[in-house]
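Undergrad: First the structure, which I've put down as structure tokens, then a few questions once you've had a look.
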């Protein structure tokens with residue numbers, strides 16, 4: 217999942233290019249790791265389960281990188297406890313206090329996510345995302 221927070225990753229580069237060409241456009245970036253992992257889960261997997269606490273710093277780092285690239289809003293969708301607070305701290309500490317965090321109020325293990333997961337190649341390789 218390191219490409220999620222790499223300055224040379226596809227999302228930070230795309231955000232930067234969009235903001236360069238359209239500086240007044242409000243850019244929102246989804247923050248999750250599932251698109252970047254071989255197993256398709258939202259975070260670090262340890263002993264067959266997603267490790268919430270090891271995932272939070274990575275999500276925060278990705279959000280800060282997206283803000284640095286020019287994202288006006290970050291939207292964490294990783295279904296990790298405390299992700300919004302962790303991301304908010306990282307944004308504030310990296311000089312991006314004006315970047316908004318749009319938290320999801322609900323996210324379901326729904327078949328409506330199927331097309332996205334297929335396109336992103338991020339369907340879980342084991343288990344599911346139910347909590």
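Residue numbers (this note's numbering): 217 to 347. Every residue gets a Cβ at the ideal spot worked out from N, C-alpha and C, and that includes glycine.
1. Jot down the residue ranges of each uninterrupted alpha helix (DSSP H) in the region 257-296, minimum 4 residues, whole runs only, in chain order.
2. Examine the Cβ distances between the region 282-289 and the region 249-267 and report whether three or more of them are shorter than 8 Å.
3. Would DSSP call residue 316 helix, strand or coil?
4. If you draw a straight line from the alpha carbon of residue 235 to that of residue 262, how long is it in whole angstroms?
5. Quick check: residue 276 and residue 305, are their CB atoms within less than 8 Å of each other?
TA: For this structure:
1. Taken in chain order, the complete alpha helix (DSSP H) segments of 4 or more residues contained in the region 257-296 are 268-285.
2. Segments in contact, no.
3. Note: residue 316 maps to strand in three-state DSSP.
4. About 37 Å.
5. Contact: yes.
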